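Residue numbers in the sequence shown follow this note's numbering, run continuously in steps of one, and reach 616 at the last position. Just so it is clear, CB atoms sit at the ideal spot from N, CA and C, and this is done for glycine as well. Since this is a predicted model, take the numbers as computed values, not measurements. Read the structure below first, then the notes.
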Amino acid sequence: MTLSFVLDPPLTDRLRAEIVELWTEVTNAGGAVGFVAPVTADQVRPVAQAAFTGVADGVDHLLIGLDDGRLVSLLFVADNRFELKAHWRVLKRVMVVPGSQGRGYGAALMREATVVGRKLGLAGLQVTLRDGHGLDNFYRSVGYREVGRIPGALRVGPGDDRDEVLMWLDLR
445 MTLSFVLDPP
455 LTDRLRAEIV
465 ELWTEVTNAG
475 GAVGFVAPVT
485 ADQVRPVAQA
495 AFTGVADGVD
505 HLLIGLDDGR
515 LVSLLFVADN
525 RFELKAHWRV
535 LKRVMVVPGS
545 QGRGYGAALM
555 REATVVGRKL
565 GLAGLQVTLR
575 DGHGLDNFYR
585 SVGYREVGRI
595 PGALRVGPGD
605 DRDEVLMWLD
615 LR
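This is the structure:
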């Protein structure tokens, strides 16, 4: 594994297409990144475009992980767009290439996000997850703690409501 990270890479057409492809693959593999499978790239693209706009405008940041030049992980460091919350950020759309779990991509991505947060002078990072995937254990393993839970906040299908779990990493 030759993993490297790039913060705010140029948003070329190629990178945008690779991100939409990864986002679609992650969703269709069961990942909780804003959609419920099955999805197509055409469904993901407008949501991705909104995320790209935040990065292009300099409000948000994009952190990508590359293994031998291949996109294998990413997340968005999203500004809260509210002055009273300017001292912390939300990590959104945390994803790794399907089938790569156990290779360390996710943990390395989260460690790099911590480095980025500290370089930005932030007091903390928050991540929200959909319960039922065991992700809370992963985030605990990289230093996050559960700070809130909204029961049944996410309706992923008829009769399938999931808790939304808020997790926090204090950077102070």
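(message) Output needed for A476: all residues of its chain with C-beta closer than 6 Å, excluding positions within five of it in sequence on either side, in chain order.
(response) R574, H577
(message) Using the Cβ count rule (16 or more neighbours within 10 Å means buried), how would you classify A485?
(response) exposed
(request) Assign A530 to buried or exposed, taking buried as 16 or more other Cβ atoms, counted over all protein chains shown, within 10 Å of its Cβ. (result) exposed
(request) Indicate the three-state DSSP secondary structure (helix, strand or coil) for D458 in the structure shown. (result) The sequence shown places Arg at residue 458, not Asp. Reduced to three states, the DSSP call for R458 is helix.
(message) Run through the DSSP bridge pairs and tell me what K536 is partnered with.
(response) F520
(request) Put G592 into one of helix, strand or coil per three-state DSSP. (result) strand
(request) Between the Cα of H505 and those of A567, P490, L455, A552, spot the shortest distance and give me the residue it belongs to. (result) L455
(message) Under DSSP, the alpha helix (DSSP H) around S448 begins and ends at which residues?
(response) Run containing S448: none in the alpha helix (DSSP H); it sits in the beta strand (DSSP E), 447–451.
(message) Do L566 and W612 count as a contact pair if the criterion is CB distance below 8 Å?
(response) no
(message) For D501, count the other beta carbons within 10 Å of its own beta carbon; 16 or more makes it buried, fewer makes it exposed. Which is it?
(response) exposed
(request) Compute the distance between the beta-carbons of L519 and L553, then report whether it is under 8 Å. (result) yes
(message) Quick check on the DSSP output: the alpha helix (DSSP H) that includes G561 runs from which residue to which?
(response) 549–563
(message) Using a Cβ-Cβ cutoff of less than 8 Å, which residues in the same chain neighbour V480 once the five nearest sequence positions on both sides are dropped?
(response) T471, V600, G601
(message) For L507, tell me which candidate among E556, Q493, F526, A597 has the shortest Cα-Cα distance.
(response) E556
(request) Determine, using beta carbons only, whether G587 and L610 come nearer to each other than 8 Å. (result) no
(request) Check A597 in the structure and name its three-state DSSP category. (result) strand
(request) Excluding the 5 residues preceding and the 5 following G478 in the sequence, name in chain order all residues of the same chain whose CB lies nearer than 7 Å to its CB. (result) V491, R537
(message) I need the straight-line Cα distance from N524 to L564, nearest angstrom please.
(response) 14 Å
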